[in-house]
Amino acid sequence: MAEPGGPAPANLTRMTFSIVARSADGRAHGVAVASKFLAVGAAVPAAEADVGALATQSYANLAYRPQGLALLRTGVGAANVVAGLTAADDGRASRQLGVVGPDGPGATFTGASCHPWAGGVASDGYAIQGNILTGPEVVDAMERAWLDSAGEPRLARRLYAALRAGDATGGDRRGRQSAALFVVARGQGYGGTSDVVVDLRVDDHVDPLGEMARLLDLHTLYFDKADEADLLPLSGELASWAGVENLEERIVVGRIDPLVLSYLRRSGS
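In terms of our numbering, the sequence shown opens at residue 6 and continues consecutively.
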């Protein structure tokens with residue numbers, strides 16, 4: 006791995022396409038990324054609740070992650086975070102970076118030596134970037150999918166929709182291998198004791214985004230909170246079904262989520 010400010014060594018990862026974004030209400034930040042590279046989620050994404058998110062790719066400089074979050078934490082805007090990180094990095098010509106903060110527009114950077122096609126777009130609350138792509142249509146499709154999903158309150162679903170659109174439009178011209186989805190929001194993780202809302206990785210798969218969709222559906226079942234408007238009366242003893250089936254995040258005393266009821270009927274619990 007490159008030391009901060011050092012040149013980009015030949016063995017560092019060349020990533021592909023990603024989106025960093027903030028939810029419409031500003032409470033959640035996240036990253037979604039896909040690549041023809043083993044375990045892309047181990048290198049590209051970083052996010053902190055109430056602070057922001059970033060993606061480092063194309064001969065990724067992993068030092069950008071803690072340094073970028075530290076700058077965001079002190080109130081530095083996304084564009085200035087990008088400018089500061091890349092100015093101090095002798096290998097910046099081979100880097101790609103996307104940053105979004107707690108408010109304002111996101112920012113993206115593509116070094117002049119990134120493998121083509123490479124580029125990105127950024128606007129209020131998001132930044133999208135990719136390299137070694139089939140063409141600019143990948144980034145354009147991701148942006149359209151992000152904007153078209155504005156009515157979806159779950160950031161993870163919006164990020165996934167953008168990633169899926171990029172993949173369907175061509176994605177990484179080398180093929181597919183891995184994907185990751187990471188979302189944080191203050192106190193919205195498991196049991197209210199964590200800020201990590203979603204942390205899903207597909208490290209090596211022939212259809213990483215198809216597998217990510219399956220995992221995201223499971224995550225919705227196990228960890229999304231029940232919608233009060235959909236709850237049904239629950240008669241009889243609650244018993245221990247929630248703990249046995251790992252559905253404790255969906256417990257609402259005296260009522261039951263229709264999604265859980267359907268699951269329990271199918272499983273015979």
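Even for Gly, the Cβ is constructed at its ideal location relative to N, Cα and C.
Everything numeric in this text was worked out from a predicted model, so none of it was measured.
Fully enclosed beta strand (DSSP E) runs of no fewer than 3 residues occupy 112–115 and 124–128 of the segment 105–129, in order along the chain. Residue burial annotation: Ser63 is buried, with at least 16 other C-beta atoms found within 10 angstroms of its C-beta. Within the same chain, Cβ atoms closer than 6 Å to the Cβ of Glu53 are found at Leu74, the five residues on either side in sequence being excluded. Listed in chain order, the non-local C-beta contacts of Thr113 below 6 Å within the same chain comprise Gly103, Gly125, Ala127, Ala132 and Gln134, local neighbours out to five positions each way being set aside. In the DSSP assignment, His224 falls within the unbroken alpha helix (DSSP H) covering Pro213 to Phe228. When the beta-carbon positions are compared, Val202 and Ala218 stay at least 8 Å from each other. Per DSSP, reduced to three states, the secondary structure at Arg181 is coil, with no helix or strand assignment. Bridge pairing for Asp204: Phe187 [DSSP]. For Ala83, the enclosing alpha helix (DSSP H) stretches over residues Ala83 to Ala92.
Restricting attention to Ala65, Val49 and Asp212, the CA atom closest to the CA of Val36 is found in Val49. Bounds of any beta strand (DSSP E) do not take in Gly175, whose DSSP letter is neither H nor E. Beyond the five residues adjoining it in sequence on each side, Ser99 comes within less than 7 Å, by CB distance, of Ala13, Ser63, Tyr64, Gly116, Ser118 and Cys119 in the same chain, given in chain order. Counting along the chain, no beta strand (DSSP E) covers Gly192, and no H or E run does either. Apart from the 5 residues on each side of it in sequence, Ala146 sits with its Cβ closer than 6 Å to the Cβ of Ala170, Gly171 and Thr174 in its chain, given in chain order. The alpha-carbon separation between Arg179 and Glu148 amounts to approximately 22 Å. Apart from sequence neighbours up to five positions away, the residues of its chain that approach Ala123 with a beta-carbon distance below 6 Å are Thr115 and Asn136, ordered along the chain. Distance check between Val38 and each of Ser154, Gly106 and Val143 places Val143 closest, using alpha-carbon atoms only. The beta carbon of Lys41 is closer than 7 Å to those of Thr21, Asp177, Arg179, Gly180, Arg181 and Gln182 in its chain, skipping five residues each way along the sequence. In the DSSP assignment, Arg149 falls within the alpha helix (DSSP H) that extends over Glu142 to Asp153.
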